[in-house]
Amino acid sequence: MSDDAERRADEISALIVIYDDACEVVSDSRARVTLKDDVDDSKCVVELRLGENYPSSAALEVCSTSTETLTREDEAKLLSRARACAEACAGAESAYDVLTETESVFREVSANARREARREAVKAARAKEAVEEEYHAVVKIDHMNDSVGYLKLLRKFCESSGVGARVLHAEPPEGAGKRVEGVFVALSGSNDGIKTFISRLRTEFVDVDAKGVKCRERKATTLCHRANSTVKVGERAVESFSGFETLEPYATENDLEQKLALLNLLHVGDGSSRFVSTS
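At position 189 of the sequence shown (counting the first as 1) the number is 183 in the numbering used here, and the numbers step up by one without a gap.
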C-alpha cells in the first residue's frame, strides 16, 4: 500500500470514528457524510472523493453537497465554499476541516433562510390583514310592516354572512302593531360578508305588504359601505362590533344622532344629507 493510500485509509477511519453513523463509506476513495443543523434538524449530505494523489499533492475533491431545505442558489454557495476550503488545504489531510467549514456555512445559510422566511411570513400576514380589513355599512330601510319576522331574518343573514349588526328604528306610535319606520341597520364585518348581507336584503322575501303578502325590500338605501379606516377628516376609525342587537327606539332626530355617534357612525351624514346614498 502506498503512503497516500495508507493516509487515505487512516483518514476515512477517522471520519467513521468522528461522525459514526453519519459517515457512509461508499468505496475506498469515497465517503458520504451527513451534517445536521440542530436548530431545525435540517441536513446536508456532503460527498467526498479522496483521489489517487491525495493527500500528498492533490486536493480533496468535494463531489457534491445536497440539502432538502436550501434554494439552489444557497446550495451552490455551500458547494463553492466547501471546494474553496479543500483547495486551500491541498497537500495535507483536509476532510475534517472541509466538513467543519461546510457545516458552519450550512448553519449560517440555513439561519439566513429562516430569517428570510420569517420576514416573508410577516409580510404575508400584513398583506392578509390589509386585505381582510374590517368594513362597516349603514343601510336605511323606510319601514318594516312585520318587524318581528323581518328582524329574525336579518339576524339569520348576519349569522350566515359573519357580520355584526346594530338596528335602530323610530319609536312606533301607539297602535302601530308590528310596523316600525325610520330603520337604520349598521353592519360590521368583512367586505364580502357585508356585500352578501345587502344582496340578500334586496333579493329575498323579508317583509309583508299591506295585504300580508310576502315581499322584497324595495326601499333600502345604503348610506355608506367602506373600510373602517376610511372616515371623514378629524374622525376616528370606526370600531368593529359583532353579534346582532336591536337598540332602544329613538324618539327624535337628536336621539338618533346620539345613538349613531355611540357607534361612531354619525359621520355617514348629518341632517338631511344622512338620507342621501353615498355608495
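Positions of the beta carbon are idealized from the N, C-alpha and C atoms, including for glycine.
For residue 21, the secondary structure class from DSSP, reduced to helix, strand or coil, is strand.
In the DSSP assignment, residue 57 falls within the unbroken beta strand (DSSP E) covering 55 to 61. The beta carbon of residue 180 sits closer than 6 Å to the beta carbons of 132, 160, 257, 259 from its chain, once the five residues preceding and following it are set aside; these are given in chain order. Going by beta carbons, residue 42 and residue 55 fall inside the 8 Å limit. A direct Cα-Cα distance of roughly 29 Å separates residue 189 from residue 116. Secondary structure remark: continuous beta strand (DSSP E) runs of at least 3 residues inside the segment 154 to 230, in chain order: 158 to 162, 174 to 183, 199 to 202, 208 to 210, 214 to 221. Collapsing the DSSP output to three states places residue 240 in a strand.
Note on geometry: alpha-carbon atoms of residue -2 and residue 16 lie some 25 Å from one another.
In this model, residue 195 and residue 144 are separated by some 10 Å (Cα to Cα). For residue 250, the uninterrupted alpha helix (DSSP H) run begins and ends at 247 to 256, by DSSP. For the pair residue 95 and residue 79, the CB atoms are nearer than the 8 Å cut-off. Here the C-alpha atom of residue 70 lies approximately 22 Å from the C-alpha atom of residue 114. Looking only at 207, 216, 100, 150, the smallest Cα-Cα distance to residue 237 is reached by 150. Note: residue 30 is bridge-paired with 37 in the DSSP secondary-structure output.
Looking from the CA of residue 187, the closest CA among 164, 209, 156 belongs to 156. Nearest C-alpha to residue 52 among 25, 33, 82, 75: 82. In the structure shown, residue 15 falls within a helical segment according to DSSP collapsed to helix, strand and coil. In the DSSP assignment, residue 70 falls within the alpha helix (DSSP H) that extends over 66 to 82. Taking the CA atoms as reference points, residue 172 sits about 31 Å from residue 185.
Out of 126, 100, 5, the CA that lies nearest to the CA of residue 32 is found in 100.
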